[in-house]
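Below is one structure, written out as structure tokens, with a few remarks after it.
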Amino acid sequence: MSIDIKPTDFSDTNGEHTSAPISHLEDLEWTSEERNKSLTILYRYGELHALQSINWYLEYKNSKSWWSRALRIGTIFFGTLGGLFPVLSPLLTSSANFAQLGYIAIALSAGCIAVDRFFGFSSGWMRYMTTANMLTKLLQDYRLEWAMLKAKLVGKPPTDEQLLLYIQRIKEFIASVNVQVEQETSAWVTEFQTSLVDIEKSIKKTEETTKPGAIDITVTNGMEVDGGFTLFLDGMTIATVRGTKYQIGYVTPGPHKVAIVGRIGANELDASELVNVDPGIIAKVTLALPVMEAQP
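Letter by letter, the sequence shown follows residues 1 to 296 of full-length UniProt numbering.
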């Protein structure tokens, strides 16, 4: 939606169109013959000032509206996926990696919210619409009041008292428009400063919640394994271990599958367990290869 910025057409007392430029207000003539023409030009100056402000807000609110909707859809979409992955993981696969996709989806959902808040797409959209509506209301009142004032002249030049009254009304209207714009700008500055503080807090919190942990693994019968056992984390080979203990460092927080494979005698055996690693914490896992007793 856009508003035609062509000012309302007013004519001077002779019925001639007053199309003088409005950028040089100091050149206006205020003699009895020129008062109506100069007053109309001054009125148009105030009207155009409001229309340009309204059109600016309506034009720029479109891009903010698009980004706001896109980010909100992304928030809902990724948030829903984040809740589905842990539920579907046991049904579709035994890999812990699939469940971890839920953390990624939730992080993307939170990222959409953070981007929206930092750049002020949703809040800016609402702020622009509110300001544009308020300016439109001011402009409507201005036009109606001006029509009433013009009607009182009945085609005659305004008296000195009327002239000052009309100019004062135009001045007040322009000031009202500027106040609305200044309030919107002040709200944007406050919001931006708040967003910077929130982002800084969010970064610190993210650093704390994503700090790598570790896993201490104990294999109770590790010394019985021929040539040592092979250690896996989330399906990836970590090391071949000789002994009963091993530590995996720099493990991302979240659930992980620890598995071991080894040979005892003629049998190749395996064991596994899911473990949850908290940020900066060492998780402990105890495993044992299931040795089958010999039949008598």
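All C-beta atoms in this analysis are idealised placements derived from N, C-alpha and C, irrespective of residue type, glycine included.
Start and end residues, alpha helix (DSSP H) containing residue i
| i | result |
| --- | --- |
| Ala-147 | 121 to 153 |
| Arg-242 | Premise fails: Arg-242 is in no alpha helix (DSSP H) and is neither H nor E. |
| Asp-160 | 160 to 209 |
Close-in-space but distant-in-sequence residues of the same chain around residue i (CB under 8 Å, 5 per side omitted)
| i | result |
| --- | --- |
| Ile-203 | none |
| Lys-61 | Gly-124, Trp-125, Tyr-128, Met-129 and Ala-132 |
| Ile-170 | Leu-42, Tyr-43, Tyr-45 and Gly-46 |
| Gln-247 | Ala-214, Ile-215, Asp-216, Ile-217 and Ile-282 |
| Ala-30 | For clarity, residue 30 is Trp in the given sequence; the question names Ala instead. Ser-38 and Leu-163, listed in sequence order. |
| Glu-268 | Val-261 and Gly-262 |
| Leu-231 | Ile-217, Thr-237, Ile-238, Ala-239, Thr-240, Val-241, Tyr-246, Ile-248, Val-258, Ala-259 and Ile-260 |
| Ser-176 | Leu-138 |
| Gly-15 | At Gly-15 the pLDDT is 37, less than 50, meaning the model places this residue with poor confidence and gives no usable figure here. |
| Ala-187 | Arg-127 |
Span of the beta strand (DSSP E), counted from its first residue to its last, around residue i
| i | result |
| --- | --- |
| Asn-276 | 267 to 277 |
| Asp-216 | 213 to 219 |
| Ile-282 | 282 to 287 |
Paired residues, beta bridge with residue i - DSSP
| i | result |
| --- | --- |
| Val-261 | Thr-230 and Asp-270 |
| His-256 | Val-275 |
| residue 326 | Residue 326 is absent from the model: the chain starts at 1 and stops at 296. |
| Ile-73 | None, per the DSSP bridge assignment. |
| Ile-248 | Ile-215 |
Same chain, Cβ closer than 7 Å to residue i, five either side skipped, listed in chain order
| i | result |
| --- | --- |
| Ser-68 | Asp-116, Phe-121, Ser-122 and Trp-125 |
| Trp-146 | Tyr-43 |
| Pro-21 | Any reading at Pro-21 is ruled out, since the residue's pLDDT is 43, under 50, leaving its predicted position unreliable. |
| Pro-279 | Glu-208, Thr-209, Thr-210, Lys-211, Gly-213 and Pro-253 |
| Lys-64 | Phe-121, Gly-124, Trp-125 and Tyr-128 |
| residue 339 | Nothing can be reported for residue 339, as the shown portion of the chain is limited to 1 through 296. |
| residue 299 | Since the displayed the chain opens at 1 and closes at 296, residue 299 lies outside it and no answer follows. |
| Ile-264 | Glu-224, Val-225, Asp-226, Leu-289 and Val-291 |
| Thr-136 | Ile-54 |
| Glu-184 | Arg-127 and Thr-131 |
| Ser-272 | Lys-257, Val-258 and Ala-259 |
| Leu-71 | Cys-112, Val-115, Asp-116 and Phe-121 |
| Ser-32 | Pro-157 |
Own chain, CB closer than 6 Å to residue i, minus 5 neighbours either side, in chain order
| i | result |
| --- | --- |
| Ala-105 | Phe-78, Leu-81 and Gly-82 |
| Thr-286 | Thr-218 |
| Lys-152 | none |
| Asp-270 | Val-261 |
(Q) Tell me whether the region 189 to 200 and the region 223 to 239 touch, counting them as touching only if at least three CB pairs, one residue from each stretch, are closer than 8 Å. (A) no
Q. Is it a yes or a no for the region 151 to 165 touching the region 179 to 188, going by three-plus beta-carbon pairs under 8 Å?
A. no
**Q.** Stretch-stretch touch, CB-based, cutoff 8 Å, three pairs: the region 251 to 259 with the region 229 to 242
**A.** yes
Q: Inspect the CB distances between the region 98 to 112 and the region 50 to 69 and report whether three or more fall short of 8 Å.
A: no
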